[in-house]
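Working notes for the structure below.
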Amino acid sequence: MFYLTRMLGKPVVDAAGEIIGEISDIAIATGEVFPRITSLAFLGPEKTPFMLSWRKFVDTLDDDRIQLNAERSALRFSYLQPDEVLLARDLLNKQIVDTQGMKVVRVNDLKLSESRNQLRLLGAEVGVRGILRGIHPMVERVASAALALFGRELSENLIAWNYMDLLERDLSHVRLSVTHKRLHELHPADVADVLEQLGPGQRARVFEHLDNAQAALTVAELEDEFQADLIDDLGDQRASDILEEMDPDDAADIIGDLSYDKAEALLRLMGVNEARTVRSLLGYREKTAGGIMTPEVTTVTEDMSVQEVVSSLREEAAEREGIYYIYVVDKDRRLEGVISLRDLVISEPNVLVTDLLSRDVTTVGPDDDQEFVAETMSKYDLLALPVVDESGRLLGIVTVDDALEVLEEESAEDLAIATGATHERGPLAGLWWWLVRRNAWLLVWGIAFLAFMGIRRPLTDEIVASGEPGPVYGMMLMSWALVLLPLLLRTAEDLSSRTLAELIEDEDEDERPPLGKRLAREGGIGLATAALSALVALGFVMLTTDTVHVVATPFAAATAAASLLTVLIGGMMGDFALRRSAQEKPVSGTGLAITAMLVGSVVYLGLAYAAGTTWAAALVLAGS
Amino acid sequence: MTPATDTRKRMTLFAVLALIGPGIISASAGNDAGGISTYSEAGARYGYSMLWMMLAMTPAFMIVQEMAGRMGAVTGKGFAALIRERFGVRLTFGAMLMLLGSTAATTIAEFAGVAAAMELFGVSRFISVPIAALIVWLLVVRGSFQRVEKVFLALSSVFIAYVVAVFLAGPDWGEVGRALVIPSIVPDRDFIALSIGLTGTTIAPWMQFLLQSNIVDKGTTVREWKLARWDVMIGAVVANLIACAIIITTGTILHPAGIQITGAEDAARALAPLAGPYAEMLFSVGLLSASLLAAAVLPLTSAYAICEAFGWEAGLDSDWSEAPVFNGIYTFVIITSAAIILIPGLNLIAIMLISQVVNGVLLPFLLIFMMIIINDRTIMGRHVNGRFNNALAWMTIVVVIALTAVLMFMTALGID
Chain A
-8 MFYLTRMLGK
2 PVVDAAGEII
12 GEISDIAIAT
22 GEVFPRITSL
32 AFLGPEKTPF
42 MLSWRKFVDT
52 LDDDRIQLNA
62 ERSALRFSYL
72 QPDEVLLARD
82 LLNKQIVDTQ
92 GMKVVRVNDL
102 KLSESRNQLR
112 LLGAEVGVRG
122 ILRGIHPMVE
132 RVASAALALF
142 GRELSENLIA
152 WNYMDLLERD
162 LSHVRLSVTH
172 KRLHELHPAD
182 VADVLEQLGP
192 GQRARVFEHL
202 DNAQAALTVA
212 ELEDEFQADL
222 IDDLGDQRAS
232 DILEEMDPDD
242 AADIIGDLSY
252 DKAEALLRLM
262 GVNEARTVRS
272 LLGYREKTAG
282 GIMTPEVTTV
292 TEDMSVQEVV
302 SSLREEAAER
312 EGIYYIYVVD
322 KDRRLEGVIS
332 LRDLVISEPN
342 VLVTDLLSRD
352 VTTVGPDDDQ
362 EFVAETMSKY
372 DLLALPVVDE
382 SGRLLGIVTV
392 DDALEVLEEE
402 SAEDLAIATG
412 ATHERGPLAG
422 LWWWLVRRNA
432 WLLVWGIAFL
442 AFMGIRRPLT
452 DEIVASGEPG
462 PVYGMMLMSW
472 ALVLLPLLLR
482 TAEDLSSRTL
492 AELIEDEDED
502 ERPPLGKRLA
512 REGGIGLATA
522 ALSALVALGF
532 VMLTTDTVHV
542 VATPFAAATA
552 AASLLTVLIG
562 GMMGDFALRR
572 SAQEKPVSGT
582 GLAITAMLVG
592 SVVYLGLAYA
602 AGTTWAAALV
612 LAGS
Chain B
9 MTPATDTRKR
19 MTLFAVLALI
29 GPGIISASAG
39 NDAGGISTYS
49 EAGARYGYSM
59 LWMMLAMTPA
69 FMIVQEMAGR
79 MGAVTGKGFA
89 ALIRERFGVR
99 LTFGAMLMLL
109 GSTAATTIAE
119 FAGVAAAMEL
129 FGVSRFISVP
139 IAALIVWLLV
149 VRGSFQRVEK
159 VFLALSSVFI
169 AYVVAVFLAG
179 PDWGEVGRAL
189 VIPSIVPDRD
199 FIALSIGLTG
209 TTIAPWMQFL
219 LQSNIVDKGT
229 TVREWKLARW
239 DVMIGAVVAN
249 LIACAIIITT
259 GTILHPAGIQ
269 ITGAEDAARA
279 LAPLAGPYAE
289 MLFSVGLLSA
299 SLLAAAVLPL
309 TSAYAICEAF
319 GWEAGLDSDW
329 SEAPVFNGIY
339 TFVIITSAAI
349 ILIPGLNLIA
359 IMLISQVVNG
369 VLLPFLLIFM
379 MIIINDRTIM
389 GRHVNGRFNN
399 ALAWMTIVVV
409 IALTAVLMFM
419 TALGID
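Below you can see the structure in the form of structure tokens.
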């Protein structure tokens, strides 16, 4: 068992016992699952590099040197062959793609083993053990021993040569073993996963090795944000070739995300038909049936026989992805009905389409909401749903894979509104959830408290200096209000929760009550809350000032008024939010709650201060 | 990569403005708690005597930032990855330890800044620091970082107020001019330490990692770099201008009155001609935002760099089971830094100053890594360093190492 990091730098000794250099690298011959070591590279005097055939000149290899079988004068040096890979230069410390685990990893060490006098590469070590060994073998031993005390093992994480794809060195012209899995042989969805883990430069390089068909499939699987970036970085010709290969709805999505100039350039380079198809799709709004449909539909006419349908399918369907259903149209391309693939297969060849077709077809219009389309497909268990215009002409179909994506999107959106999080993040995120989502009032109150403390000192100095009673009462009431603020904040929070629930229920616009009615409803709740808050305020003043301080009344009034106002303002904000959501604009649940709370705080503290100063003024008047 | 049919990016003002990003942000991040305190102390203690160092450091700073950005644009890899690929595991381990040290020291300074700022509001550090740590940690975990980053950046740009304050303070511009060009050295240990700190806070080691990562993430190509490098260099100049403004302001207001900076209130006084009685509030708001922003950015930068060097999973989208080391590093840095500040009786200003001296001491070693990489043709191709860049960079390295040696010497012998 040999490790490359331990071998590098060791002396190379010739048959006469003379040290002629230090090991600097080792080359393997590709083409086998466990490649043979074929050459030794070493640095001679003055650091000049040399290369020797392993088979011819290496006698033995042990832990502290490599022994050659010839004297220095008998050595014949060689050069690196095109199908040889240098381990230290091309693999060690570099990033590679683990095509079995579908990850991008970094090589920490390389493990070699001798079998039948042949030294072979077992694999690349990408785990912690390799790192520890690289720091110092002693560290590795200590760590291993320490773990052994706990009964655990410091395991090696090896990736066999077979499952490695190099990112630094282009292997496409090198003969690899039959079972060698290269990146582009993986499923496009997996290739897309790996691409997302790479940096932009590496991504572009890997992409060069995919042919247009593979590239098209891979790009379709990438996350949205990567798609446009990647297409943007490619040359126009290549980008348009790839877009041509893609399904038109996917291509239209990407082109829609590009800048106008780039989009036009690419469309012009695409074939006339393909460009026309894509352009027509670009005309539809996003998140509608038109925006997710593909115009490539297999159509037949009523008068065709099963045999004719099948032969036309053989011609056309070679290019189509899904021929779940075959749509029957008239000469104006108006949808008459549908036949399924099953019908075709089980019927006699001379049966006419008229006798097979089902005229009861569920359709949607191009402007129908995408969520509605997906729900319809789910409801009727359809694999594809035709999209028709007002006169019944077939525009395209929405396929089940797009519908699945829509359902995923929509449920993620709902989740995001409800929780404000776009992804769940484990148990510690639960703390965040609890603190901000459920108890945001605590945060807001904390901020209000700190802000108050901040301005209190300079303000109190000013007030004491001026000697006027108004601001004194004002400050006093304001500090009371600060203590009772949580009451108001909870009210605001409850209000926004109710609004959120409505948002998620997604009522129809007509079913929603108009603003006036909503305010009246909320107003009722508001009055009740106001009354309760006033009572709490009175109780508080009685408790803290030991007497029924007469200023309790204006304070309670301020509390009630603030309560009512918060409810009303919250109601208006809620209505605004619902209307925004209906227009498909993003609405943040947290944003709504926090804004409501902040507005409520400002209103309450302001009213309290005002009540205090007015009271003082009233006192002064009464006194004089 | 881009064929001739692509429209060429013309060097219009608009194009330059559109690229404003990594350079300015990364350089303004340098005006954090550590920076503000170091510059204030330099001015308060030694008047204008250290201004010439700022002038001398500006080209060095520009060059170091430019090198970091160039490495990123040419190789498409981060600084940590380049170190790993060129030097192997053992030296990378050393480099990452140094980065971690620099990060930890600076993060401690940031929390010290938070504590100092909040104490000006009358809030005890035992309340403000744990809350700040929680906020910073949640900011990072939550990943809604971009939005908040912009808010904090906006708030911390309040330190541009120093540029205005400089004129309001009415310094003797002749004296300032002389101090900028005529070197003066005070041969005491504190002066030497402060010089190292000045270098460390201006050309912070962690800043280079941050800049290079930003360049790589934006996918900046070599072509785009020709434009983007202006952003980086202008950012460096702007940051140093603000630093000089701080030194001059404190040098004009605090130094003649012999006011030592023992706490944040003293430093805030330098803003008095601008903001009067609200100087403290202005200063605190700026210090608080700059500290919180840096406290979030630094541990994150280090976590990314370390994971990049050793091939561990990294990314804010990954949770604890997917990326344990990444999450672990920044959590650890944030928690320990905050915990250290909570040790009773610590002088916050002293901590902020010492942390920048640590940065200064570590800087030359990381620069040596950079110099070897940037002169290696197999990595940089034809974009290796020119003679001027090399000369200036090596000079900086030698000077800082020499200063550190002198400091160690003096400390060991007890000379003052």
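Same order as they appear, the protein sequences are chains A and B. Note that my numbering numbers the first sequence so that position 121 is 112, with each residue one more than the last. One rule links them: number in my numbering = place in the second sequence (from 1) + 8. Just so you know, even glycine gets a beta-carbon here, dropped at the ideal spot from N, CA and C.
C-alpha distance - Leu157(A) paired with Gln86(A), whole-angstrom precision = 7 Å
Chain B residues whose Cβ lies nearer than 7 Å to that of Pro191(A) | The contacting residues are Gly84 and Gly227.
Using a Cβ-Cβ cut-off of less than 7 Å, list which residues of the region 443 to 472 of chain A approach chain B; keep chain order.
-> Across the region 443 to 472 of chain A, CB contacts with chain B closer than 7 Å involve Met444, Gly445, Arg448 and Pro449, in sequence order along the chain.
Beta strand (DSSP E) segments (min. 3 residues) lying fully within the region 229 to 272 of chain A | none
Of the residues Ala204(A), Asp227(A) and Glu187(A), the one placed nearest Asp225(B), counting alpha carbons only = Glu187(A)
Per DSSP, what kind of secondary structure is Gly336(B) in: helix, strand or coil?
-> helix
For Glu93(B) and chain A, any beta-carbon pair shorter than 8 Å?
-> yes
Would you please verify whether the beta carbon of Leu25(B) is less than 8 Å from any beta carbon of chain A?
-> Low per-residue confidence applies at Leu25(B): pLDDT is 43, beneath 50, and the placement is therefore not dependable enough to give any value.
Any idea which residues DSSP pairs Leu534(A) with across the strands?
-> None; Leu534(A) has no bridge partner.
The region 104 to 118 of chain B contacting the region 305 to 316 of chain B, beta-carbon criterion three pairs below 8 Å | As far as the Cβ criterion goes, the region 104 to 118 of chain B touches the region 305 to 316 of chain B, which means the pair count is three or higher.
Quick one: is Val131(B) near chain A, going by C-beta distance under 8 Å?
-> yes
Which parts of the region 346 to 377 of chain A are runs of the alpha helix (DSSP H), unbroken and 4 residues or longer, counting only runs that do not cross its ends?
-> 361 to 370
Under 9 Å Cβ-Cβ, which residues of chain B neighbour Gly125(A)?
-> Residues of chain B passing the Cβ test: Gly96, Val97, Arg98, Thr100 and Phe101.
Answer with yes or no whether the minimum CB distance from Gly77(B) to chain A is below 8 Å.
-> With 8 Å as the cut-off, Gly77(B) does not count as an interface residue toward chain A.
Nearest to Thr90(A) by alpha carbon, out of Thr21(A), Ser15(A) and Lys172(A)?
-> Lys172(A)
Where does Phe68(A) sit, in a helix, a strand or coil, going by DSSP?
-> Secondary structure at Phe68(A): coil, using DSSP grouped into helix, strand and coil.
If you measure from the beta carbon of Gly319(B) to each beta carbon in chain A, is any gap under 8 Å?
-> yes
Would a C-beta distance cut-off of 8 Å place Gly387(A) and Val288(A) closer than the cut-off?
-> yes
What whole-angstrom Cβ distance do Leu583(A) and Ser487(A) have, given they're in contact under 8 Å?
-> 5 Å
Beta-carbon contacts of Ile349(B) that lie in its chain and below 6 Å, excluding the five residues immediately before and after = Around Ile349(B): Phe119, Ala120, Ala123 and Val137.
If we call anything under 8 Å between Cβ atoms a contact, is Thr285(A) one with Val319(A)?
-> no
Beta-carbon of Lys102(A) versus every beta-carbon of chain B: anything under 8 Å?
-> no
When we look at the beta-carbon of Glu399(A) and count the other beta-carbons within 10 Å, is it buried (16 or more) or exposed?
-> exposed
To the nearest angstrom, report how far apart Ala609(A) and Met469(A) are at their CA atoms.
-> 18 Å
Using beta-carbon positions only, say whether Ile71(B) and Asn397(B) come within less than 8 Å of one another.
-> yes
From this set, Val593(A), Thr536(A) and Pro545(A), which residue's C-alpha is nearest Ile560(A)'s C-alpha?
-> When each option's Cα is compared against that of Ile560(A), the closest is Val593(A).
What is the DSSP secondary structure of Met19(B), reduced to helix, strand or coil?
-> At Met19(B) the pLDDT is 37, less than 50, meaning the model places this residue with poor confidence and gives no usable figure here.
May I ask which residues mark the beginning and end of the beta strand (DSSP E) holding Glu13(A)?
-> Ile10 to Ala20
Using a Cβ-Cβ cut-off of 8 Å, state whether Leu441(A) counts as contacting chain B.
-> yes
8 Å Cβ cutoff, Met9(B) in contact with chain A = Any reading at Met9(B) needs caution, since the residue's pLDDT is 30, under 50, leaving its predicted position unreliable; the model's value is listed next. It does; some Cβ of chain A falls within 8 Å.
What three-state label does DSSP hand Asp393(A) in the structure shown?
-> helix
Using a Cβ-Cβ cut-off of less than 9 Å, give me the residues of the region 81 to 95 of chain A that come near chain B, in sequence order.
-> Leu83, Asn84, Lys85, Gln86, Lys94 and Val95
Where Ala224(B) meets chain A, residues with beta-carbon distance less than 9 Å = It is worth fixing the name first, because residue 224(B) is Val in this sequence and not Ala. Near Val224(B) (Cβ distances below 9 Å), the residues of chain A are Gly190, Pro191 and Gly192.
By how many angstroms is the C-alpha of Leu34(A) removed from the C-alpha of Glu13(A)?
-> 5 Å
Contact with chain B by Arg97(A), beta-carbon distance below 8 Å | yes
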